[in-house]
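Residue numbers (our numbering): 2 to 353. Report on the following structure.
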Ligand code: MRU
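Right, dumping it as structure tokens:
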């Protein structure tokens, strides 16, 4: 990879500032956990797995800072840190999954009476493990997904579910990368993804960097493009998948799934099992983040809507499982009925 979305140096976290792409490639350094939480809120780092990995490193930084104070109540004081990270963004379940995994690790270490500096070092190692496992999961799911694609293949995607949205390699774009690595001729159509333009700014940039052919379209062109023919699959990532397969992903994913059904193009979701929330029976229960109206009323800092207009700005929508042809995970490909197949894959998956 010619860029790092997230880099850990042992005592600081480095994030590629995604708010500045594609025009500037700026890496920001973090040593203080509230700044890491703010980076998640402000979309310096975004994408469900990337948010989870970043929160894990943020907790590791906090543990380091707190342990250096020489007190003996690290596990209790970390509770506030978990709360801060859980409050950053509500939809991506990977965030809550990663915070919980760090919390369990800290608790196990403190029960066994380890001194605070040792707990802090172990938490940094845990965050590194979460990072590594995310890349490995993406490579595995990428290979499963690549096998679903013909050669040559034209893939339509939405938002950015690439290396920029994960610790590396990507989920939906991981499938594309794996297909290219397997020698398939694969090209991508990227939806621009209003209102924050993750498709135009990030997916187009990332694929260009990798030399994978990419054509950018505005969101309202997807129907015309699918009707024209020659699109072999729509592949998207996910922020949270309920156990019945209902999938929350970037706003605009649901209409794309409806269009794919109408044009008989398979609609695939590519996501690690850490994105499946087995506690939720259906997508109705997935909390949907609403973001600032400014994202809709302004374009590149310029107002494009009248002052005072009412705005609705949900960041995600839910695609019903009935529109999803398959969910591609690191443990294999789930097909309907997802309540059974996702559960089976969870049991097969190697424990972290
Ligand atoms: O608001 P964002 O940019 O964090 O939303 C990202 C998405 O919706 C992605 O498609 C999803 O997180 C999957 S990333 C592998």
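All C-beta atoms in this analysis are idealised placements derived from N, C-alpha and C, irrespective of residue type, glycine included.
In the DSSP assignment, what are the bridge partners of residue i?
{"i": "residue 30", "result": "15"}
{"i": "residue 299", "result": "304"}
{"i": "residue 155", "result": "188"}
{"i": "residue 8", "result": "15"}
{"i": "residue 317", "result": "251"}
{"i": "residue 291", "result": "315"}
{"i": "residue 243", "result": "278"}
{"i": "residue 234", "result": "156"}
The ligand PLP and residue i: does any heavy atom of the ligand fall closer than 6 Å to the residue's C-beta?
{"i": "residue 316", "result": "The ligand PLP is not part of the structure shown, which contains the ligand MRU as its ligands."}
Is any heavy atom of the ligand MRU found at a distance shorter than 6 Å from the C-beta of residue i?
{"i": "residue 238", "result": "yes"}
{"i": "residue 166", "result": "yes"}
{"i": "residue 251", "result": "yes"}
{"i": "residue 199", "result": "yes"}
{"i": "residue 172", "result": "yes"}
{"i": "residue 48", "result": "yes"}
{"i": "residue 138", "result": "no"}
{"i": "residue 99", "result": "no"}
{"i": "residue 162", "result": "yes"}
Is residue i near residue j, with beta carbons less than 7 Å apart?
{"i": "residue 336", "j": "residue 342", "result": "yes"}
{"i": "residue 203", "j": "residue 16", "result": "no"}
{"i": "residue 213", "j": "residue 181", "result": "yes"}
{"i": "residue 172", "j": "residue 238", "result": "yes"}
{"i": "residue 99", "j": "residue 53", "result": "yes"}
{"i": "residue 142", "j": "residue 325", "result": "no"}
{"i": "residue 305", "j": "residue 196", "result": "no"}
{"i": "residue 340", "j": "residue 221", "result": "no"}
{"i": "residue 249", "j": "residue 7", "result": "no"}
{"i": "residue 291", "j": "residue 90", "result": "no"}
{"i": "residue 247", "j": "residue 92", "result": "no"}
{"i": "residue 31", "j": "residue 44", "result": "no"}
{"i": "residue 260", "j": "residue 223", "result": "yes"}
{"i": "residue 320", "j": "residue 49", "result": "no"}
{"i": "residue 34", "j": "residue 79", "result": "no"}
{"i": "residue 145", "j": "residue 334", "result": "yes"}
{"i": "residue 235", "j": "residue 208", "result": "no"}
{"i": "residue 38", "j": "residue 85", "result": "yes"}
{"i": "residue 147", "j": "residue 176", "result": "yes"}
{"i": "residue 226", "j": "residue 218", "result": "yes"}
{"i": "residue 149", "j": "residue 162", "result": "no"}
{"i": "residue 57", "j": "residue 128", "result": "yes"}
{"i": "residue 170", "j": "residue 133", "result": "no"}
{"i": "residue 294", "j": "residue 312", "result": "yes"}
Please go through the same chain and pick out, in chain order, the residues whose beta-carbon is closer than 7 Å to the beta-carbon of residue i, but skip the five residues on each side of it.
{"i": "residue 243", "result": "278, 281, 282, 283, 284, 286, 287"}
{"i": "residue 159", "result": "192, 194, 200, 237, 251, 253, 254, 257"}
{"i": "residue 76", "result": "107, 108, 111"}
What are the boundary residues of the alpha helix (DSSP H) that includes residue i?
{"i": "residue 250", "result": "Not the alpha helix (DSSP H): residue 250 falls in the beta strand (DSSP E), residues 248-251."}
{"i": "residue 98", "result": "94-112"}
{"i": "residue 120", "result": "117-147"}
{"i": "residue 25", "result": "Premise fails: residue 25 is in no alpha helix (DSSP H) and is neither H nor E."}
{"i": "residue 175", "result": "173-182"}
{"i": "residue 75", "result": "75-87"}
{"i": "residue 72", "result": "That residue, residue 72, is in no alpha helix (DSSP H); it is neither H nor E in DSSP."}
{"i": "residue 194", "result": "No alpha helix (DSSP H) holds residue 194; DSSP gives it neither H nor E."}
{"i": "residue 286", "result": "Run containing residue 286: none; DSSP gives neither H nor E here."}
{"i": "residue 223", "result": "223-229"}
Please list, in chain order, all residues of the same chain as residue i whose beta carbon is under 8 Å from its beta carbon, the five residues on each side excluded.
{"i": "residue 210", "result": "3, 4"}
{"i": "residue 1", "result": "Only positions 2 to 353 of the chain appear in this structure, which leaves residue 1 out of reach."}
{"i": "residue 40", "result": "16, 29, 31, 46, 55"}
{"i": "residue 27", "result": "17, 18, 21"}
For residue i, would you say it is in contact with chain D, using Cβ-to-Cβ distances shorter than 7 Å as the test?
{"i": "residue 113", "result": "No chain D is present in this structure, which holds just one protein chain."}
Grab the span of the beta strand (DSSP E) containing residue i for me, first residue to last.
{"i": "residue 55", "result": "Careful: residue 55 lies outside any beta strand (DSSP E), inside the alpha helix (DSSP H) at 49-69."}
{"i": "residue 269", "result": "268-271"}
{"i": "residue 330", "result": "327-330"}
{"i": "residue 334", "result": "333-335"}
{"i": "residue 216", "result": "215-218"}
{"i": "residue 164", "result": "Unbroken run through residue 164: none, as it is neither H nor E."}
Less than 6 Å between C-beta atoms, sequence neighbours within five positions excluded: which residues of the same chain meet that for residue i?
{"i": "residue 350", "result": "274, 332"}
{"i": "residue 233", "result": "151, 154, 155"}
{"i": "residue 121", "result": "64, 65, 68"}
{"i": "residue 216", "result": "190"}
{"i": "residue 327", "result": "269, 334, 336"}
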